[in-house]
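Notes for the one structure printed next.
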Amino acid sequence: MRPSIKILLLALPLLLLACGTTSRPDGAAQQSAKPAIFPDYTDVTIPHNIAPLNFRFEGEAERCYAELKGADLIVEASGKGEIRFSEKQWRELLEKSRGGEIELTLFTQSGGEWQQWQPFKIYVSDRAIDSHLVYRLIEPGYEKWHIVGIYQRNLENFDQEPIIQNNMVGYNCINCHSFAGGDPEQMMFHMRASNGGTYIVQDGQIERLNTQTDQTISNLTYPYWHPSGRYITTSVNTIHQFFHATDRKIEVWDLRSDVVVYDVEQHKILSKASIQSEDNFETFPSFSPDGRYLYFCSAPATEMPENYDKVRYNLCRVEFDPAKGEIREPIDTLVRADSLSYTFPRLSPNGRYMMYTETAYGQFPIWHSDAEIRMIDIDSRQSIDMSALNSPDTESYHSWSSGSDWVVVSSRRDNSLYTLPYICHIGEDGRPTKPFLLPQEDPDTYDYLLYSFNIPELVRGRVEVSPYDIVKAAEQEPVQVKYE
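Count the sequence shown with the numbering used here and you get residues -3 to 480, in order.
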């Protein structure tokens, strides 16, 4: 049976009697606990423009009934073991509850008897999250791939659509998508193997590049845009991997790695803005929101793979002059790797905080169960308690919303195998609230979706470029990048 839903004005209680949906059960046995639901949306903070938080009851139930109270509205929904809310009525409820809270009470029926569970709060922020999330869906392994695609999801509803799928371009590998400050009109990604190259989308135009040069050790790898849209900083890596025979799964490590800056307008890698040294491994660069600093990870070079579990990366920064396309030494170490390793430095768009990932060793922690999110105040360099965001399993990649008050974090907390996107509110003081799993129209989606969400990036709007335009660009000869 499809779940039935309605919305009422508290001032008009007779409307409830006139609706043909299941009403609030009478005489339900009071339970002392909050209900066990999936996803766990109890006591979370959400943006006012998020899609409905549909969920299922994790216990035995022949039927469920949910009542949401907020502002001057009540929303009701019922179903067999799951609750799905009307998008229209959900939006109205959240809009009226901005800056406040809504209360959800769940009733479940088992053996013909109704139980009423303790209500829980959902806090509705008056700050919106960026409207779209872009991610790669990939099987949770690296030895081979079959279907890989980059997709965009409208966070305000449940619409998902492909930006590009590899079955359109020769079943190659497509990876490392990135946006200029969350701008959907400025995007890049790589294709490997057939139709290989770096693809840059700007102002509706798509350009295919060959980024291998005699002066760099590889094609461009892990990218990050300058806020101006003119530059892209990226690592160049000689990447290797092996597979553990124990409970640890896959290990990814670099034989060599450097950081370079690419000038989009002039099709060249800038030698005076690059950090290239045989004495150090440098990787995962990013720019500050004002474009004046280049952040990156750095570790002393060592024999690999013999010392793969002894490599620990510092978080560093160096001044960048966007007018000249040059860096200015000295290099400043922000977070020193004494006994742990740090990677994925990402500054909040307001420039106040730097979020990064901490792990025992290395720079690719998505298979490290110990990996956690950390954050510092960039001015005071003081650490901020992120325990509310982290879990006993892997937290790795992260992306900021343009307002600096929401992040999306890659997490394996649900089953240790599949990486899923969790959304977390960041307060004015930098402190996180309890994160929540990306809502789906069908609460069972994550049970049968056999793909990981890779590199979830928040974007301020819909990516308009067509997959067919990308296919046409893949058929063109690539532009050769220079090194100067």
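Backbone N, C-alpha and C fix where the C-beta goes; we use that ideal spot for every residue, glycine too.
The way I'd put it, the stretch 353 to 361 doesn't touch the stretch 371 to 378; fewer than three beta-carbon pairs between them come closer than 8 angstroms. The beta-bridge partner set that DSSP reports for Ala367 is empty. The C-beta distance from Ile369 to Leu343 rounds to 14 angstroms, too long to meet the 8 angstroms contact threshold. Taking the Cα of Ile323 as reference, the smallest distance to any Cα among Thr234, Val256 and Arg52 is reached at Val256. DSSP, reduced to helix, strand and coil, places Ala47 outside both helices and strands of the structure shown, so it counts as coil.
In the three-state reduction of the DSSP assignment, Ser406 falls in the strand class, which pools E and B. Distance from Phe340 to Tyr349 at the Cβ level is roughly 14 angstroms; contact not present, criterion being Cβ atoms closer than 8 angstroms. Checking the DSSP bridge columns, you'll see Ala62 partnered with Ala73 and Leu102. The beta carbons of Ser395 and Pro463 sit no closer together than 7 angstroms. Residue Asn45 holds the alpha-carbon nearest to the alpha-carbon of Leu90 among Phe449, Asn45, Asp401 and Arg332.
Following the DSSP letters along the chain, one finds Ala295 inside the beta strand (DSSP E) bounded by residues Tyr289 to Pro296.
Counting only runs that start and end inside the stretch 332 to 392, the beta strand (DSSP E) elements of at least 3 residues fall at 337 to 343, 349 to 355 and 368 to 373. Between Tyr304 and Trp249, the C-beta spacing is below 7 angstroms. When the Cα atoms are used, Ser282 and Thr441 turn out to be separated by approximately 33 angstroms.
Judged by pairs of C-beta atoms under 8 angstroms, the stretch 30 to 45 touches the stretch 108 to 121, as three or more such pairs exist. With contacts defined by Cβ atoms closer than 7 angstroms, Glu473 and Lys264 do not form a contacting pair.
For Arg226, the three-state secondary structure derived from DSSP is coil.
Contact between Gly77 and Ala57 holds: CB atoms are separated by about 5 angstroms, below the 8 angstroms threshold. Under the three-state reduction of DSSP output, Ile118 falls in the strand class.
Membership of Arg427 in any alpha helix (DSSP H) is not indicated, and neither H nor E is assigned to it by DSSP. By the C-beta criterion, the stretch 454 to 461 is judged to be in contact with the stretch 396 to 407, since at least 3 inter-stretch pairs fall below 8 angstroms. Approximately 14 angstroms separates the beta-carbon atoms of Ala333 and Ala297; this is outside 8 angstroms, ruling out the contact.
By the Cβ test, the stretch 401 to 408 is in contact with the stretch 417 to 424, since at least three Cβ pairs between them sit closer than 8 angstroms.
Note on Ala32: under 16 other CB atoms within 10 angstroms of its CB, so exposed under the neighbour-count rule. CA-CA distance, Gly426 to Asn346, rounds to 12 angstroms. If you look at Arg149, you'll find it in the beta strand (DSSP E) that goes Gly145 to Asn150. As the crow flies, the alpha-carbon of Ile160 is around 43 angstroms from that of Thr18.
For the pair Ser93 and Ala124, the CB atoms are not nearer than the 7 angstroms cut-off. Counted as a single uninterrupted DSSP element, the beta strand (DSSP E) harbouring Val455 occupies residues Ser448 to Val455. Per DSSP, Leu90 is one residue of the alpha helix (DSSP H) stretching across Glu83 to Lys92. In the structure shown, the three-state DSSP call for Lys268 is helix. Ser273 and Pro223 have their C-alpha atoms some 26 angstroms from each other. Across the structure, Leu290 and Val475 are spaced so that their CA atoms are roughly 26 angstroms apart. One Cα belongs to Gln436, the other to Arg80, and the distance between them is close to 10 angstroms. In the same chain as Pro318, and ignoring 5 residues on each side of it, the C-beta atoms closer than 8 angstroms to its own belong to His222, Ser224, Arg226, Tyr227, Gly287 and Arg288, in chain order. Per DSSP, the continuous alpha helix (DSSP H) segment holding Ala470 begins and ends at Pro463 to Ala470.
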